[in-house]
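Protein chains in written order, with my numbering: chain F, 17 to 377; chain R, 17 to 377; chain S, 17 to 377; chain Z, 17 to 377. Report on one structure; see the data block that follows.
Number of protein chains: 4
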Amino acid sequence: MSSCFNGGINISLFGESHGRGIGVVLDNLPSGEVIDLEKIGAFMARRAPKKDGTSTMRSEKDIPEIFSGMYEGRTTGTPLAAVILNTDQHSGDYGNISHIARPAHADYTGFLRYNGANDPRGGGHFSARITAPLCFAGAVCAQILEHRGVTTGAHILSIKEISDERFDPVNVTAEQLETVKNRPFPTLSGTAEEKMREVINAARTDLNSVGGIVECAAVGFPAGIGSPMMDGLENIISRLVFAIPAVKGIEFGNGFSCADIFGSENNDEFTIKDGKIVTVTNNHGGILGGISSGMPIIFRAAFKPTPSISRPQNSVDFKDMTNRELVIKGRHDPCVVPRAVPCVEAALNIALVSAMIENPR
Amino acid sequence: MSSCFNGGINISLFGESHGRGIGVVLDNLPSGEVIDLEKIGAFMARRAPKKDGTSTMRSEKDIPEIFSGMYEGRTTGTPLAAVILNTDQHSGDYGNISHIARPAHADYTGFLRYNGANDPRGGGHFSARITAPLCFAGAVCAQILEHRGVTTGAHILSIKEISDERFDPVNVTAEQLETVKNRPFPTLSGTAEEKMREVINAARTDLNSVGGIVECAAVGFPAGIGSPMMDGLENIISRLVFAIPAVKGIEFGNGFSCADIFGSENNDEFTIKDGKIVTVTNNHGGILGGISSGMPIIFRAAFKPTPSISRPQNSVDFKDMTNRELVIKGRHDPCVVPRAVPCVEAALNIALVSAMIENPR
Amino acid sequence: MSSCFNGGINISLFGESHGRGIGVVLDNLPSGEVIDLEKIGAFMARRAPKKDGTSTMRSEKDIPEIFSGMYEGRTTGTPLAAVILNTDQHSGDYGNISHIARPAHADYTGFLRYNGANDPRGGGHFSARITAPLCFAGAVCAQILEHRGVTTGAHILSIKEISDERFDPVNVTAEQLETVKNRPFPTLSGTAEEKMREVINAARTDLNSVGGIVECAAVGFPAGIGSPMMDGLENIISRLVFAIPAVKGIEFGNGFSCADIFGSENNDEFTIKDGKIVTVTNNHGGILGGISSGMPIIFRAAFKPTPSISRPQNSVDFKDMTNRELVIKGRHDPCVVPRAVPCVEAALNIALVSAMIENPR
Amino acid sequence: MSSCFNGGINISLFGESHGRGIGVVLDNLPSGEVIDLEKIGAFMARRAPKKDGTSTMRSEKDIPEIFSGMYEGRTTGTPLAAVILNTDQHSGDYGNISHIARPAHADYTGFLRYNGANDPRGGGHFSARITAPLCFAGAVCAQILEHRGVTTGAHILSIKEISDERFDPVNVTAEQLETVKNRPFPTLSGTAEEKMREVINAARTDLNSVGGIVECAAVGFPAGIGSPMMDGLENIISRLVFAIPAVKGIEFGNGFSCADIFGSENNDEFTIKDGKIVTVTNNHGGILGGISSGMPIIFRAAFKPTPSISRPQNSVDFKDMTNRELVIKGRHDPCVVPRAVPCVEAALNIALVSAMIENPR
């Protein structure tokens, strides 16, 4: 299902890659929030294909049209709906693969799930294109967070074996987040950028693809928001992040590394700084018991390499039940990670606004 | 919030560590499922404290009493409620720490979230003890899965730097899962067990604690179950797994490692084997586009070291707003991982039954 | 909130009367259902304004455009989104009343609820125009029901003091439902129609308005669907029916009249007829304990007179906090009941499909 | 399903009439609310069987035991669970009717819904006994409302043809509500009480039963709470009220009578009184567009006569598929209405607290 109810925001995503249009309905947003459409455009531009060889050459002009929920530049509080028309569809490119399962795609599982009735063109509702309305929703929520003093941002932590620096989990600032997320290729280190671009270009030239890790953070988020057990911040953030195609893992704070150290090393001691309770270290990633601690919220999401590669692959025709060789035509990103950066932020933004609505402080 | 609505099962956990009792209500279960109470007891015994030094010496006799939803040994289909009375409470042990935040615990965040009204004794509703009713729910769901030919199981993949072997993601069998999960110390390799026990005991002796990674799998789960976007299998499994205290990360299939390899390596080619569509490798962990592929479902969850250690720690009194040294009394597991194994399975079982109910095939 | 999650269908309505457009997203519909767009058009035409003096003269060309969820004439199973553009907006007509509360409208309550940020033009999201996408959703569900042998229909039971005949609660047939609901003025009795038209026209001439009662039924709905307590059929039908503006009451079976008779009269005896269990009478309206009995489902909904009347009314300016006389300009239905008939059916259709999905038999 | 999620409170009712116990879990309550257990006892005593011949002679000692969610007399904010043990079960009385459908009961529909696996003893989960935990929940919510200046109350408006006076929809006061709801037989008029008692006793003597109407009101509820469309106050109140067995209709404000008058009569004019916006009349029952207007919230619910009567009735054995005469043994209320009064209030209380949490003002 493409909707998500956290007790706070209700988000309903819709659309198929090659249908009439895609979009989103956001219900239960706070009313009266001033929304700057240019900021939305800027956010969505970060997800748009790059002209620099790191992504597909398709020109997706994903200009969302707001159908409801905005009046005189402010949210009305009633459902906010936005629609993006599909204009550049090229469905011919996909014509010959409709029943041969593209490896690592949802062609086969989607066919089973919907008894063969789903739209197979370009992945249909499984297309990464549905992250465009997700980013729209995230861009709206970013502004609602901004009104409350919260800034979020993300960067490319790694592309294959090339790593960027990590955010400083204690001292990361709103300014740093703003700066890095708005870079054309969002890394903290210029050297990392250069090497990552090389790795991506090499993969493209080699008709291959690569994956990577996105690191995301929020600063200024108030302490005391969230809930224990199933509606904790980690629960709702991970639920939203796994909605982004190609995500295969998520970790908060020091994440999987916490398993390698002693409790005495992992426990973040509390102290009072400038009259405020903080932790000296931030292995917990700003969340304890599902609830924000006031420290920066930090998490990382792993993205697999783009499944669509131009090399011949072995697969099956799931209608004929025959083994078949598959050559995927069309244009594809050799790496989804640069464009995934705003998507991860969007998921975080939606989760944080939802939690703030549910537990206003 | 301690409840979770997936459109399938509705689960509502309740209770505080030192209150009258803890429990769970499971709504929308299928009716007529034969439930063997001894199997439930055996499942819960796996979570019970061990007498072997790897966990606390508290004797938690967590015998759940079924209040409703069962009739003549079968689920009625109406809400199944089970209650565990708290008998061994020792609240005196916790008396002096109620306003000094235990590092890596939810004392401070819970205090803020509930405006100081939550039960501070033993962590209250944040206590890991709430995983007992979670295991009850998981034990019920295990039997419902069993009736449908699905077997789940988990093992300790690592404790600090010591690693067990991984499940074979393609060939793991129901028998292997049954065997490993029922071992007193669930590892695939006997050597790993021995070394892990040493690491845990050393941590205990040293008034310290260690964490680790649990690997969990399901075999026999039919292809075509789940949904794209926010209600995919990864989404609901992760939402439930993060309800287990101390989890800081989750990854499916090859997880974070997918970021290190080429698309040509990561893509799992489809083939036909014994008249059935399978993948040759299983980097995708049995889930594509949120939907099961018919391959084993595999994921790993990272657990931080037990926050409660007996060494003095620096912290703050969040009522007085003063820096304080804290010495945690009472008995605590030096490592939660062995007891977490059935909890992770439980989360998976609940997610899988919920998905099967929602999308019956 | 304008969305509704019953564990079955998730429906999200959006739009404002004078915004860019209105629409609906239907999530979790069954896949592969053949949908005839002409039937949808015919359903929606029943809600469109009549040229016969019983409703407003505005020409609302409510042609829904399907954006997603349909492929080659069938539901894909992924979210079905439909949008209706607002073309005939006449916002000038409403210019002078934005802060004087129209009696019996939601101007004042909506202003408070959304802190003055909601769209005041034409009622904004509170406009009865939002029943157009509701009817679209109901028209889709009508076809899904039809595929399962279920027929629904409604008629005008009363307009002010003029009453139509009631459906025979035991013997009402699919044919009768089809016939009456497709009449231009849906009554069972021609005499009632004539008198009702007179009452409506007299009200219009007199710058006044009238209300009435709609009776709705379903036949062919299988026994055993629904749930006890809060997700019973009565619960979800009433929740959806009260989403239609102007509804002030709902009753099932003999409804309020059940309070006037003895148990021995009210109890519907069971008997076996043609090898099937039926009830001899149908005071229960086809629902017992929230679950369908296999007898016709029958309910009635009361509609208040159109709040917008052209007579001067006393009211207040809720910004100035002054008493003011109000004269509502623009064109308004003297009676919403004829156009409400398909809306009530739509609510029933959505509820029944949702229940069938949740408890497939 | 026995749970209900309004975005505010999550309520999960469980239990069977003759099982081990019944109860309720309330999730997402505000924290720190002082709860007086004696007031809960007093509320529940109003639902308890009367010794005056108007109800069954069974002594149901429904003393709820709170298992979690309360600490030092206040709500913790974590799930509040309460359990009532079943002690007086007399399951022998029901032994012979398990497969003969009691007319107007859910025996047959429940059997179908749960494929014969549900607990048939005493109606199982369909038993009116499940209204005891509903009343517990309502009693907790009554106190939360009281802390916010809101008072609710209900009375018997009619028993068969005998009517009580109505609440004055404009001027009803908190004092009146408190007084009437705490009367042993809650009517406004002493004469009505006397005649109603006669009607009930006559029905009992005659081995018959009668129904009636409950009128319920809230005063002090702030204006501006609720939402348009499907989560309006009417929607959530009706959803909860139809969870009470035997309810067949609900109407708000002047309800079905609104269909009989002109718009000019039905529209409630706004005016300013003591510096506050009010309506001169209150046909709208305090709710416009799903949102509270600040006027008293008023609604009525119709209850059918007790289905269980001691007279022989014709029915079928739904296992044998044979026509059978049925004589229901055991003790039964000749009229559920007096005991239903607090149940209706409970439903309202839960709905109002839920709405206040969701849209805090």
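Beta carbons: idealized from backbone N, C-alpha and C, even for Gly.
{"Item": "Residue environment, Glu250 of chain S, which counts as buried when at least 16 other CB atoms sit within 10 Å", "Value": "buried"}
{"Item": "Short CB-CB distance (under 7 angstroms) between Arg74 of chain R and chain Z", "Value": "Here the model assigns Arg74 of chain R a pLDDT of 49, short of 50, so the residue's position is not dependable, and the following value carries that caveat. With 7 angstroms as the cut-off, Arg74 of chain R does not count as an interface residue toward chain Z."}
{"Item": "Extent of the continuous beta strand (DSSP E) run through Asn282 of chain S", "Value": "First-last for Asn282 of chain S: 279 to 282, but that is the alpha helix (DSSP H), not the beta strand (DSSP E)."}
{"Item": "Residue(s) in a DSSP beta bridge with Phe319 of chain S", "Value": "S:Gly228, S:Val263"}
{"Item": "Neighbouring residues, chain F, relative to Gly35 of chain S (Cβ below 7 angstroms)", "Value": "Phe83, Ser84"}
{"Item": "Residue range of the unbroken beta strand (DSSP E) whose run includes Gly39 of chain S", "Value": "37 to 43"}
{"Item": "Limits of the alpha helix (DSSP H) - the one that Thr195 of chain R falls within", "Value": "190 to 197"}
{"Item": "Helix, strand or coil at Ile113 of chain S according to DSSP, with G and I counted as helix", "Value": "Only weak support is given to the placement of Ile113 of chain S: the predicted model assigns it a pLDDT of 49, under 50, and the value that follows is read from those uncertain coordinates. Three-state result, Ile113 of chain S: helix."}
{"Item": "Residues, ordered as in the chain, of the region 287 to 299 of chain R that lie near chain F by beta-carbon distance below 7 angstroms", "Value": "Thr287, Ile288, Ile293"}
{"Item": "Segment contact flag, the region 175 to 188 of chain Z with the region 115 to 125 of chain Z, C-beta cutoff 8 angstroms, min 3 pairs", "Value": "no"}
{"Item": "Residues that DSSP places opposite Lys292 of chain Z in a beta bridge", "Value": "Z:Lys289"}
{"Item": "Where Val352 of chain S sits in the DSSP three-state scheme", "Value": "coil"}
{"Item": "Assumed close pair Gly265 of chain F, Gly271 of chain R - CB separation to whole angstroms, cut-off 8 angstroms", "Value": "4 angstroms"}
{"Item": "Collapsed DSSP secondary structure at Gly1 of chain Z in the structure displayed", "Value": "Given that chain Z is displayed from residue 17 to residue 377, the structure contains no residue 1 of chain Z and the question cannot be resolved."}
{"Item": "Identity of the residues DSSP links to Ile168 of chain Z by a beta bridge", "Value": "The sequence as given places Thr at residue 168 of chain Z; Ile does not occur at that position. Thr168 of chain Z is bridged to Z:Ala234."}
{"Item": "Sufficient close CB pairs (3 or more, under 8 angstroms) joining the region 286 to 300 of chain F to the region 321 to 336 of chain R", "Value": "yes"}
{"Item": "Collapsed DSSP secondary structure at Glu81 of chain F in the structure displayed", "Value": "strand"}
{"Item": "Pro136 of chain S: CB within 6 angstroms of a non-hydrogen atom of the ligand FMN", "Value": "In the structure on display, the ligand FMN does not appear, and there are no ligands present to speak of."}
{"Item": "Segment limits, beta strand (DSSP E) that includes Glu341 of chain Z", "Value": "338 to 342"}
{"Item": "Cβ neighbours of Ala363 of chain F in the same chain (closer than 6 angstroms, five flanking residues each side left out)", "Value": "Leu256, Val257"}
{"Item": "Other residues of its chain near Ala133 of chain S: CB distance less than 8 angstroms, five sequence neighbours each side excluded", "Value": "none"}
{"Item": "Short-range partners of chain C found in the region 332 to 360 of chain F, where Cβ spacing is below 7 angstroms", "Value": "Protein chains F, R, S and Z are contained in the structure displayed, whereas chain C is not."}
{"Item": "Whole-angstrom distance between Ser326 of chain Z and Asp349 of chain Z, CA atom to CA atom", "Value": "11 angstroms"}
{"Item": "Test: Asn217 of chain Z CB closer than 7 angstroms to a CB of chain S", "Value": "no"}
{"Item": "Sheet register partners of Met86 of chain F (DSSP bridge)", "Value": "F:Thr91"}
{"Item": "Straight-line Cα distance separating Ala61 of chain Z from Gly169 of chain Z", "Value": "15 angstroms"}
{"Item": "Beta-carbon proximity of Gly240 of chain S to Arg137 of chain Z, cut-off 7 angstroms", "Value": "no"}
{"Item": "At least 3 beta-carbon pairs within less than 8 angstroms: the region 150 to 169 of chain R vs the region 36 to 55 of chain R", "Value": "yes"}
{"Item": "For Leu249 of chain S, the first and last residue of its enclosing alpha helix (DSSP H)", "Value": "249 to 257"}
{"Item": "Three-way DSSP call (helix, strand, coil) for Asp52 of chain R in this model", "Value": "coil"}
{"Item": "Proximal residues of chain F, C-beta to C-beta of Ser280 of chain R below 9 angstroms", "Value": "Asp222, Leu223, Asn224, Ser225, Pro321, Ile325, Arg327, Gln329"}
{"Item": "Exposure label - Ala58 of chain Z; buried when at least 16 CB within 10 Å", "Value": "exposed"}
{"Item": "Exposure label - Ala218 of chain F; buried when at least 16 CB within 10 Å", "Value": "exposed"}
{"Item": "Minimum Cβ-Cβ distance from Ser19 of chain R to chain S less than 7 angstroms", "Value": "Interpretation of Ser19 of chain R is limited by its pLDDT of 49, a score under 50 that renders its predicted location unreliable; the figure taken from the coordinates is listed afterwards. No - not a single Cβ of chain S is within 7 angstroms of the one on Ser19 of chain R."}
{"Item": "Residue burial classification, Thr103 of chain S (beta-carbon count within 10 angstroms, cutoff 16)", "Value": "exposed"}
{"Item": "Selected residue, minimal CA-CA separation from Glu81 of chain Z, among Z:Arg145, Z:His300, Z:Gly37, Z:Glu191", "Value": "Z:Gly37"}
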